[in-house]
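Residue numbers (this note's numbering), protein chains in the order written: chain A, 432 to 871; chain B, 5 to 227.
What follows is one structure encoded as structure tokens, with my remarks underneath.
As structure tokens, then:
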């Protein structure tokens, strides 16, 4: 196989390194550095070409050509843009809080990049590290990213930036809740927080958790897009209202760092969505065609390509949505987060728990549904059928309950309710508070 | 806790960072700077949790305190106007006598603590002299017993599983009670924060108070 021939140098490099360093140094320091370097380089390249893709896709959707002048089909446009940003003046507003203004973009970039360390891009050497708290680590570090937005907006000493920062903090805190609750259903089937463990659970089941957890996938994707502040949830940087939101006062290199953080965060959300719901690097028949025949490196490379293809499909969704949907109004955003996504995530948890309890109950009585509990919940064909049935049932159940909850929620009138239920029992006819009210 | 190898370096680095950041939290003039130093202190404590092998607690520490609580803190601070303290007009230190008294007492506390720690350290050193030598070997033995991660090199702890087991079995009732307590605290703080005036103002026109006829029972108010 050509892929195998291509990867022969990998083993060669390993043996060469082992000649000069101890095995520990090679395993714990040198290889991780090579992996980190590769991931950072590829992500930085992706960020550069994502801007190109965004312009090309928007042009395609609006029947234009997009960038065409720099290089063939405008392929060198990102490089020209990057050079332009690097030589631009790095401007700091007069009354800005200099230190915070200085470090905010770095917090954004670091928070976005660190998460990539635990994402399993493929089996074996395509993972930088595998930690026990994988998914918790992803949520924790990406929640630190909110700080960067808030600090940037506050330190700029500008109205637009501050408004953008306030919006972003409210938005990201609300959608983080729905996001955290949405993944619990998938974790129940995987029985581990480790991202590699979640992929292994799907591989040993030969299924994608998307089938068990359709609602969870949808909630995760929507709140992921909201977390990234991408259209239609781009209120923190709404161009038509806030100039550029939290990064209005930034320019040059520091501005490009925010851009980099945004596109890297997109990669993170799609990679985690792929890992949790689309089977990560697992694809049917790949193992049997490569690893089982002894082509180990080919197995890793094919799995890596599978992972990138799945993540790429989800990334296209981002561009697609951005150029299709108009921006939400602020109250609509909060409604969607608290009245639709949060209840849906809670229903998903309850239904997933009921599904697993049912599977365990049925396992004892005649029908065999569970193979083993060692690596994830390993189900038999009958068990899978039941789990998928619960997933499909959940779609209708969630739709029903949500429409029940939000039935005429637009007609809800707080003032009228407050008149009927009196919180403070005021004595009748005594104008105790009346003067204070009538003054304004 | 017996430290060995690089653990010692990380432990001292993060514990000193946590203490320094905590000090700066109190001493910073600007409320946002205080919040930032508090965040760095919390992150350092999270790193100390990782050194203890409590990865789950470390993750939750960052997720809840840094990503949740501190974001809300900053949210509130940003809505407050710039005070006199921030602009450097008002003194942040109290009168000399108070400062001196505080310093003397904290010095006494430090001396007492140092004496106590020193005595404890000497006792522990004698007891752990043998154990200290074996730490590294026992540590690596323990680690080699752990499951290997996906990379085949790193080891994975099972700490999350044990936390989950105890949360859902022995500690489930206290956990639920704590969540109820938090809910009550939220409702209570909203009630306390709203004054009578605001309540009346939110009711728009208060017909009862003004001594007029109450609004129609049908609830067809024009709003």
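Even glycine gets a Cβ: it sits at the ideal position worked out from N, Cα and C.
A distance of 9 Å or more separates the beta carbons of residue 74 of chain B and residue 32 of chain B. When the five nearest sequence neighbours on each side are left out, the beta carbons in the same chain lying within less than 7 Å of the beta carbon of residue 521 of chain A are those of 682, 683, 684, 685, in order along the chain.
Approximately 10 Å separates the beta-carbon atoms of residue 787 of chain A and residue 810 of chain A; this is outside 8 Å, ruling out the contact. Counting only runs of at least 4 residues, the segment 155–196 of chain B fully encloses the following alpha helix (DSSP H) elements, listed from N- to C-terminal order: 163–172. In terms of Cβ geometry, residue 665 of chain A and residue 760 of chain A do not form a close pair [threshold 9 Å]. Using a CB distance cut-off of 9 Å, residue 72 of chain B counts as an interface residue toward chain A.
DSSP places residue 519 of chain A outside any alpha helix (DSSP H), giving it a letter other than H or E.
Rounded to the nearest angstrom, the gap between the Cα atoms of residue 671 of chain A and residue 591 of chain A is 11 Å. Going by C-alpha positions, residue 26 of chain B is about 56 Å away from residue 725 of chain A.
In the assembly as shown, residue 814 of chain A is a buried residue. Its beta-carbon has 16 or more other beta-carbons within 10 Å. Assignment of beta-bridge partners to residue 803 of chain A by DSSP yields A:809. Burial state of residue 708 of chain A is buried, judged by a 10 Å Cβ sphere holding 16 or more other Cβ atoms.
Between the alpha carbons of residue 175 of chain B and residue 165 of chain B lies a distance of about 14 Å. DSSP, read as helix, strand or coil, puts residue 838 of chain A in coil. Looking at the backbone, the Cα of residue 532 of chain A and that of residue 622 of chain A are separated by about 42 Å. With respect to the 9 Å criterion, residue 528 of chain A and residue 479 of chain A are not classified as neighbours on the basis of their beta carbons.
Annotation for residue 584 of chain A: the continuous alpha helix (DSSP H) segment containing it runs 565–586. Residue 497 of chain A has its alpha-carbon roughly 8 Å from the corresponding atom of residue 505 of chain A.
Of A:558, A:556, A:547, the smallest CA-CA separation from residue 572 of chain A is found for A:547. Between residue 701 of chain A and residue 651 of chain A, the alpha-carbon positions lie close to 10 Å from each other. When DSSP states are grouped into helix, strand and coil, residue 495 of chain A belongs to the coil group. Bounds of the alpha helix (DSSP H) holding residue 600 of chain A are 590–621. Interface with chain A (9 Å Cβ-Cβ cutoff): residue 18 of chain B is excluded. Under a 10 Å Cβ-count criterion, residue 48 of chain B is classified as buried, with 16 or more other Cβ atoms of the shown protein chains found around its own Cβ. In the structure shown, residue 665 of chain A adopts coil according to DSSP, grouped into three states. Within the segment 52–84 of chain B, those residues whose Cβ lies closer than 9 Å to any Cβ of chain A are, in chain order, 59, 60, 62, 63, 64, 65, 66, 67, 68, 70, 71, 72, 74, 75, 76, 78, 79, 81, 82, 83. Residue 163 of chain B reaches chain A at 563, 564, counting residues in chain order whose Cβ is nearer than 9 Å.
Around the beta carbon of residue 561 of chain A, a 10 Å sphere encloses 16 or more other beta carbons of the protein chains shown; the residue is thus reported as buried. Collapsing the DSSP output to three states places residue 676 of chain A in a helix.
Those residues of the segment 23–44 of chain B placed with their C-beta closer than 9 Å to a C-beta in chain A are 34, 36, 37, 40, 43, ordered along the chain. At a cut-off of 9 Å between beta-carbon atoms, residue 803 of chain A makes no contact with chain B.
Sixteen is the threshold: when 16 or more other Cβ atoms of the shown chains lie within 10 Å of the Cβ of residue 602 of chain A, as they do, the residue is buried.
Around the C-beta of residue 509 of chain A, 16 or more other C-beta atoms lie within 10 Å, and the residue is accordingly described as buried.
Within the same chain, 754 come within 6 Å of residue 492 of chain A by CB-CB distance, once the 5 residues on both sides are set aside.
The beta carbon of residue 124 of chain B sits closer than 6 Å to no other beta carbon from its chain once the five residues preceding and following it are set aside. A distance of 9 Å or more separates the beta carbons of residue 677 of chain A and residue 795 of chain A.
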